[in-house]
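**Student:** For reference, the structure I am asking about is given below.
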Amino acid sequence: MTDPIRSHTDAGSAEPAAPHTSAVGAADTARPTSLSAIIRGRRSVRHYQSRPVPRELVEQILDAATWAPSPHGAQPWRFVVLTRPEVKARLADAMGADWQRNLEMDGQDAATVAIRLQKSRQRLLEAPVLVLLCLYLEDLDRYPDVQRQMAEETMAVQSLGAAAQNMLLTAYSLGLDMGWMCAPLFCPDIVVTALDLPRTLKPHALLTLGYAARDPKRRSRRPLSQLIIRYD
Ligand SMILES: Cc1cc2nc3c(=O)[nH]c(=O)nc-3n(C[C@H](O)[C@H](O)[C@H](O)COP(=O)(O)O)c2cc1C
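What follows is the structure, given as structure tokens:
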């Protein structure tokens, strides 16, 4: 039997309106100002122009993250901003070596592994800015039991997602774009070592930032009717 919660078909799903698309060349950076158009216009970008991003815009994007809701207002996240090619390369090499081990363990052939590693490395080096989003749990409440402690940490992760979305939307509204890479979540210790970060930081996501090289293909969305399980 089909699980009504899990089933997904693209047929009939509403494609979000892409407010600005360009047929050729670099993506159009004129952006909408209404919140709903910004939410629908944001997209994951994986290829960037080499054009640098002014620090003041990067800080505007990070500042938006600070306004996200968080458990007890603790803001349990920290940002590591990388722009220098040699540092980005060091991170890419360290994460790449770990990913290679995992892909080989999965039984992928050498040629496929080499292509995937090369693409991932290129993605990190091509993006003018990388924002490593880390969880920082030191200010959270402490509980004697595992259940409450786990709930506390889950709240911190939920809040990290809210902070990330604030950044993605702000970047988009400023004519920039971002992309989310989950790689650090799979090798947090390697990332901490490669970047010589404090052990209290738990790397969760790498957000690429820059001016899109081209408009990416849009992902469709499930219709709302599939997602509302009950509305009494
Ligand atoms: C927690 C999380 C992890 C993700 N990890 C990756 C990733 O490792 N690589 C990638 O290309 N996109 C990643 N994405 C982006 C999703 O693929 C993307 O958001 C989704 O396909 C919808 O497309 P859109 O963002 O363009 O609307 C991630 C998104 C989230 C929220």
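Following my numbering, the numbering of the sequence shown begins with 214 at its first residue and continues without gaps. All C-beta atoms, glycine included, are put in the ideal place defined by N, C-alpha and C.
#1: Can you round the beta-carbon distance between residue 447 and residue 397 to whole angstroms, since I take them to be within the 8 Å contact cut?
#2: Suppose you measure from the CA of residue 250 to the CA of residue 407; what does that come to, to the nearest Å?
#3: Count the other C-beta atoms from every protein chain shown that fall within 10 angstroms of the C-beta of residue 320, then say buried if there are 16 or more, exposed otherwise.
#4: For residue 236 and residue 428, what's the separation of their Cα atoms in angstroms?
#5: Of the residues 284, 318, 385, which one's Cα is nearest the Cα of residue 420?
#6: Judging by CA-CA distance, which residue of 272, 293, 278 is the nearest neighbour of residue 380?
#7: Would you check whether ligand 1 has a heavy atom nearer than 7 Å to the C-beta of residue 395?
#8: Check residue 417 in the structure and name its three-state DSSP category.
#9: Do residue 393 and residue 257 have their C-beta atoms within less than 8 Å of each other?
#10: What does residue 391 pair with, by DSSP beta-bridge criteria?
**Tutor:** This is what the structure gives:
#1: Lying before the first or after the last residue shown, residue 447 is absent from the chain, which here runs from 214 to 445.
#2: 39 Å
#3: exposed
#4: Since pLDDT at residue 236 reaches only 35, below the 50 mark, its modelled position is unreliable, and the value read off the structure follows with that caveat. Approximately 8 Å, taken between the alpha carbons.
#5: 385
#6: 278
#7: yes
#8: strand
#9: yes
#10: 257, 422
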